[in-house]
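In the working numbering, the protein residues as written are 219 to 289.
Backbone N, C-alpha and C define an ideal beta-carbon position, used for all residues, glycine too.
I have placed the structure first, in the form of structure tokens, so that the comments after it can refer back to it.
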């Protein structure tokens, strides 16, 4: 993402805060990536706890690049 877009403000209605919130786009982008990683780890842990052996969950190995016309 271009630096100017990351620096631009991003506004949304926060359900948690009950009000409109504005932050730099880079803050939201970092939060989304961190949140995804957190939940992926939770899912992996739960599957392992019930005896399943989850396959690789690292994005570069999960995505079919050929199907996307990228590889």
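Since residue i is in the beta strand (DSSP E), which residue starts that stretch and which ends it?
| i | result |
| --- | --- |
| residue 229 | 227–232 |
| residue 241 | 237–242 |
Are residue i and residue j touching if we call contact CB-CB under 8 Å?
| i | j | result |
| --- | --- | --- |
| residue 247 | residue 224 | yes |
| residue 272 | residue 262 | yes |
| residue 251 | residue 241 | no |
| residue 226 | residue 243 | yes |
So, for residue i: in the same chain, excluding its five sequence neighbours on each side, which residues have a beta-carbon less than 8 Å away from its beta-carbon?
| i | result |
| --- | --- |
| residue 231 | 237, 238 and 239 |
| residue 249 | none |
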